[in-house]
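Working notes, structure below.
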Amino acid sequence: MRITDWLTYTGIEQLKQMNRYYGCEIQRTHSKYELIRSLLQRIGNKSHLEEKIDRLNDQEFRFLQLIMLDQTPAYSMEELLAKGRIALNERQGQPRQLIVEALKRGWLFPGYSRQTQNLYYVPSDLRTQVCEILLKPYELEKNRRQIPPAVYRDEQKQLLYDLYHFLSFINKEIVRLTMDGAIYKNQQRQLFQTFYIKETPIAEKGPRFGFGRCYHLYPDRFSLLYDYAYYHRYFIEDENGYLCLTEEGKGKLEKKEKDSQGQDQGIEMVRFWIRLYKRAIPQLPMIIRWISLLAYPGWVKKSLVYQAVGPWMKAFYYESKESLYRKVLKMLVHLGVCMIGQEDDEQYLTLTPSGVKWLHGISAFRERAIEEGFVRNR
Numbered sequence: 001m002r003i004t005d006w007l008t009y010t011g012i013e014q015l016k017q018m019n020r021y022y023g024c025e026i027q028r029t030h031s032k033y034e035l036i037r038s039l040l041q042r043i044g045n046k047s048h049l050e051e052k053i054d055r056l057n058d059q060e061f062r063f064l065q066l067i068m069l070d071q072t073p074a075y076s077m078e079e080l081l082a083k084g085r086i087a088l089n090e091r092q093g094q095p096r097q098l099i100v101e102a103l104k105r106g107w108l109f110p111g112y113s114r115q116t117q118n119l120y121y122v123p124s125d126l127r128t129q130v131c132e133i134l135l136k137p138y139e140l141e142k143n144r145r146q147i148p149p150a151v152y153r154d155e156q157k158q159l160l161y162d163l164y165h166f167l168s169f170i171n172k173e174i175v176r177l178t179m180d181g182a183i184y185k186n187q188q189r190q191l192f193q194t195f196y197i198k199e200t201p202i203a204e205k206g207p208r209f210g211f212g213r214c215y216h217l218y219p220d221r222f223s224l225l226y227d228y229a230y231y232h233r234y235f236i237e238d239e240n241g242y243l244c245l246t247e248e249g250k251g252k253l254e255k256k257e258k259d260s261q262g263q264d265q266g267i268e269m270v271r272f273w274i275r276l277y278k279r280a281i282p283q284l285p286m287i288i289r290w291i292s293l294l295a296y297p298g299w300v301k302k303s304l305v306y307q308a309v310g311p312w313m314k315a316f317y318y319e320s321k322e323s324l325y326r327k328v329l330k331m332l333v334h335l336g337v338c339m340i341g342q343e344d345d346e347q348y349l350t351l352t353p354s355g356v357k358w359l360h361g362i363s364a365f366r367e368r369a370i371e372e373g374f375v376r377n378r
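Taking full-length UniProt numbering, the leading residue of the sequence shown gets 1, the next gets one more, and so forth.
As structure tokens, then:
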């Protein structure tokens with residue numbers, strides 16, 4: 001519902017609180033109509049709302065992003081408290097106070113019916129207006145380009161095709177694991193030659209953990225493929241160390257043509273990746289949301305997007321914020337969500353047509369991190 005509708009269900013005292021916050025002249029009246037009219041004049045004034053947002057402290061600004069950029073229509077109190085804790089960013093403070101202030105400011109409204117009385121809503125038109133204000137500093141009219149850069153990488157559907165190559169390989173070949181639990185490197189090379197996107201077995205001895213069950217054994221893209229197929233029980237690792245295709249896996253191969261034409265499989269792979277990487281990058285949903293807002297329509301500089309997502313990233317053991325950002329973009333390209341291009345020593349990115357459909361079809365904020373037991377079961 002729009003803010004006009006929500007205000008009509010709001011009590012006199014809350015309307016007066018909102019009038020005080022927005023500096024309305026009419027505060028002492030008991031006329032609900034006058035209180036609503038004065039509020040709409042202020043809230044409907046974009047420059048006035050922008051001025052209020054500019055005055056928020058860091059925690060309040062983070063909370064604003066968390067409730068406005070998440071497209072979920074309604075939140076429970078538990079969800080809002082979780083967002084409040086994220087907004088505090090490990091600093092002292094009370095997450096509940098952020099919710100109280102949001103109610104006073106008219107960012108949130110409690111449900112008014114028996115079915116919705118325990119939920120809190122963001123007015124649809126206010127969310128649109130706030131999103132426009134949040135995007136304003138990035139000057140997208142000036143910084144977006146519609147013409148693709150000189151060279152760019154587009155991997156739409158290729159991860160899905162390579163999933164079938166992997167399952168077909170298990171079906172045709174005898175695949176045995178080493179004592180460490182990895183496919184032998186010679187056989188990895190043989191498998192990777194069948195892929196659309198070639199990778200090489202891991203050679204370096206540096207640390208590799210935190211991004212999946214098999215991340216320490218395989219390169220990034222294949223590690224995701226392996227974990228995805230194993231999680232969905234397309235194959236098993238038997239007690240003798242062999243990979244064996246299951247009935248689910250055989251059925252998957254039989255549906256190859258149908259799946260390759262549809263969107264559902266791609267969406268499921270994106271959702272799985274979010275759940276897998278969320279353990280190491282807890283604010284991945286916010287990062288993805290900012291990318292979807294900035295990188296479509298048209299191409300934007302990779303460095304510009306980092307300005308928005310950088311505050312939501314934290315170093316993870318051996319990974320810096322910058323290397324995590326590169327990893328996220330690389331995997332979004334592998335998943336067919338983004339394209340990355342280069343021209344004149346500048347990198348650009350945009351959403352693919354598939355990425356636009358997928359990111360509007362799921363709420364990354366609703367995806368729970370993958371079960372710890374799955375990651376540790378190695």
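Where a beta carbon is used, it is the ideal one built from N, C-alpha and C, also for glycine.
Identity of the residue in the options nearest residue i by Cα
i           : options              : result
residue 351 : 288, 176 and 317     : 288
residue 332 : 155, 219 and 53      : 155
residue 130 : 159, 47 and 157      : 47
residue 195 : 60, 286, 187 and 162 : 162
residue 252 : 107, 373, 39 and 170 : 170
residue 360 : 176, 285 and 329     : 285
residue 121 : 364, 278, 7 and 230  : 7
residue 347 : 305, 165 and 323     : 305
residue 230 : 79, 342, 377 and 62  : 377
residue 63  : 51, 296 and 80       : 80
Euclidean distance between Cα positions of residue i and residue j
i           : j           : result
residue 246 : residue 167 : 10 Å
residue 200 : residue 208 : 15 Å
residue 268 : residue 15  : 44 Å
residue 109 : residue 103 : 6 Å
residue 182 : residue 215 : 10 Å
residue 235 : residue 248 : 8 Å
residue 273 : residue 281 : 11 Å
residue 19  : residue 70  : 26 Å
residue 37  : residue 113 : 24 Å
residue 299 : residue 147 : 8 Å
residue 177 : residue 228 : 18 Å
residue 202 : residue 187 : 13 Å
residue 302 : residue 60  : 27 Å
residue 23  : residue 127 : 21 Å
residue 21  : residue 157 : 50 Å
residue 224 : residue 356 : 21 Å
residue 242 : residue 205 : 25 Å
Endpoints, the alpha helix (DSSP H) within which residue i is located
i           : result
residue 331 : 321-334
residue 76  : Taken as a continuous stretch (DSSP letters only), residue 76 belongs to no alpha helix (DSSP H), being part of the beta strand (DSSP E) at 74-76.
residue 306 : 302-309
residue 268 : 264-277
residue 213 : Unbroken run through residue 213: none, as it is neither H nor E.
residue 230 : 220-231
residue 289 : 284-294
residue 376 : 372-376
residue 127 : 124-135
Opening and closing residue of the beta strand (DSSP E) in which residue i lies
i           : result
residue 119 : 119-121
residue 347 : 346-351
residue 342 : 338-343
residue 245 : 243-245
residue 21  : Where residue 21 is concerned, there is no enclosing beta strand (DSSP E), although the alpha helix (DSSP H) it sits in stretches over 12-21.
residue 237 : 235-237
residue 144 : Neither: residue 144 is in no beta strand (DSSP E) and is coded neither H nor E.
Anticipated Cβ contact below 8 Å, residue i with residue j, distance rounded
i           : j           : result
residue 293 : residue 135 : 6 Å
residue 87  : residue 98  : 6 Å
residue 340 : residue 33  : Going by Cβ atoms, the distance from residue 340 to residue 33 rounds to 54 Å, so no, they are not a contact pair.
residue 452 : residue 210 : Not covered by the structure: residue 452. The range shown for the chain is 1 to 378.
residue 367 : residue 213 : About 17 Å separates the two Cβ atoms, so there is no contact after all.
residue 275 : residue 125 : About 32 Å separates the two Cβ atoms, so there is no contact after all.
residue 105 : residue 95  : That belief does not hold up - the Cβ atoms of residue 105 and residue 95 are roughly 16 Å apart, past 8 Å.
Chain B contact for residue i (CB, 7 Å cutoff)
i           : result
residue 288 : In the displayed structure, chain B is absent; only one protein chain is listed.
Query - Secondary structure, alpha helix (DSSP H): runs of 4+ residues fully inside the stretch 171-201 - result: Fully enclosed alpha helix (DSSP H) runs of 4 or longer: 185-192.
Requested in this report: Within the stretch 32-112, note down every full beta strand (DSSP E) run reaching 3 residues or more, in order along the chain.
Outcome: Counting only runs of 3 or more, we get 74-76.
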